[in-house]
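>
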Amino acid sequence: MKFSADDFKRLYAEMPDEELRSLVRGELSEVARPCYDAELARRGLSAASPRRTVQPVVVPESPEPVAPESEEVLEAAVEQEEEEDLAPAAIFTSREEAKAAKARLQAAAIPAFLEDDTVSSGGFRLLVAGSDVKQAHETLGIV
Numbered sequence: 170m171k172f173s174a175d176d177f178k179r180l181y182a183e184m185p186d187e188e189l190r191s192l193v194r195g196e197l198s199e200v201a202r203p204c205y206d207a208e209l210a211r212r213g214l215s216a217a218s219p220r221r222t223v224q225p226v227v228v229p230e231s232p233e234p235v236a237p238e239s240e241e242v243l244e245a246a247v248e249q250e251e252e253e254d255l256a257p258a259a260i261f262t263s264r265e266e267a268k269a270a271k272a273r274l275q276a277a278a279i280p281a282f283l284e285d286d287t288v289s290s291g292g293f294r295l296l297v298a299g300s301d302v303k304q305a306h307e308t309l310g311i312v
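Residue numbers (the working numbering): 170 to 312.
Right, here's the structure in full:
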């Protein structure tokens, strides 16, 4: 699946500043690079990656009790998620195209994961839950 310049423009326009600046310009495709540069210029940002700082975790002094029924619902949801196998929704040759597709799926509330399978198959596999494959294809415009 190929992404157009308009796809990259929309994607970059939706990204928060930190996420946009964290992209590695050298890894972008020739179509994506000018869109990235234009979005940085529009926001007045530089391409330098921001320094990552470790934020301390704030732990409440006394955690609020969780109702038993909500614990059961949470456990059932976790078990269901653990039981469902991941399936490839698409395979990309470009890391940036794969990241863009992943972002589109996540924006559509479809959890997605990238698997770097360049060693064995020469591509980046975009994985989703088996039950989400059809919706992922629709979101990405794959027929």
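In this text, a Cβ means the ideal position worked out from N, Cα and C, and glycines have one as well. Note that this is a predicted model, so its numbers are computed, not measured.
(1) Am I right that L295 and A278 are in contact with their C-beta atoms under 8 Å? What's the rounded C-beta distance?
(2) Which of the three DSSP states, helix, strand or coil, is assigned to G299?
(3) Could you tell me which residues DSSP puts in a beta bridge with R294?
(4) Return the CA-CA distance between G292 and I260, expressed in angstroms with no decimal places.
(5) Can you tell me whether L255 is helix, strand or coil according to DSSP?
(6) What's the gap between the Cα of G213 and the Cα of E196?
(7) Do L180 and A258 have their beta-carbon atoms positioned less than 8 Å apart in this structure?
(8) I'd like the list of long-range same chain contacts for A201, defined as Cβ closer than 7 Å, with 5 residues on each side in sequence excluded.
(9) With H, G and I counted as helix, E and B as strand and the rest as coil, what does DSSP make of R220?
(10) For G152 and E208, what's the separation of their Cα atoms in angstroms?
(11) How big is the Cα-Cα spacing for F172 and P203?
Result, derived from the coordinates:
(1) With 8 Å as the limit, L295 and A278 do not qualify as a contact, their Cβ atoms being about 15 Å apart.
(2) helix
(3) I260 and E284
(4) 6 Å
(5) strand
(6) 21 Å
(7) no
(8) F177 and E265
(9) Reliability of the predicted coordinates at R220 is poor, the pLDDT of 45 falling under 50, and the value obtained from them is presented with this limitation in mind. The answer is coil: DSSP assigns R220 none of H, G, I, E or B.
(10) Past the boundaries of the shown model lies residue 152; the chain is included only from 170 to 312, so the question cannot be answered.
(11) 13 Å
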